[in-house]
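Visitor: Sharing a structure with you now.
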Amino acid sequence: MRGRGAVAGAVGVLSVAGCGLVGGGGSHAGFENYTDEQVTVSIQGTDHVLVLPPASNAELSEGACVGTGIVVTRVDGTVLASFDGKTCPATHLMVRADWNVYVTDDLTTSSPGT
């Protein structure tokens, strides 16, 4: 886990209503944005980029582990957090209203390094 200065190589942009995301429960990676601003979640090593409007949530439709890490950015491009490792169905990412970002995966909780 470490901070990164830029978001690398995302090709496609997905919104909560777009292709590649599903709603409602299930065994898919989940993402929540509790802020009053849009945030972007990029799954590194893939073309998955989730644009989460304020106060929203989404799930990735992948049923297997993908990518090499996650980068979360604000609208102005500021990196809020980055996490190393695959995004799996058990992965859950939450951007809290205070801009802290947390990721859980198989009951292991991580917070970003600086």
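Residue numbers are given in my numbering: position 99 of the sequence shown equals residue 127, and the series is strictly consecutive.
Every residue, glycine too, gets a C-beta built ideally from N, C-alpha and C.
Beta strand (DSSP E) containing H159: first to last residue?
Guide: There is simply no residue 159 to check, as the chain begins at 29 and stops at 142 in what is shown.
Visitor: Take G125 as the anchor and find which of H76, A86, R102 and G113 has the nearest alpha-carbon.
Guide: A small fix is needed here, since residue 125 is Ala in this sequence, not Gly. Comparing Cα-Cα distances from A125 to each of H76, A86, R102 and G113, the minimum goes to R102.
Visitor: The beta strand (DSSP E) with S158 in it runs from where to where?
Guide: Nothing can be reported for residue 158, as the shown portion of the chain is limited to 29 through 142.
Visitor: Out of curiosity, what's the CA-to-CA distance linking G91 and D104?
Guide: Spanning the two alpha carbons is a distance of roughly 31 Å.
Visitor: Expressed to the nearest angstrom, what Euclidean distance is found between the alpha-carbon atoms of D112 and G58?
Guide: Cα to Cα, the separation comes out at about 17 Å.
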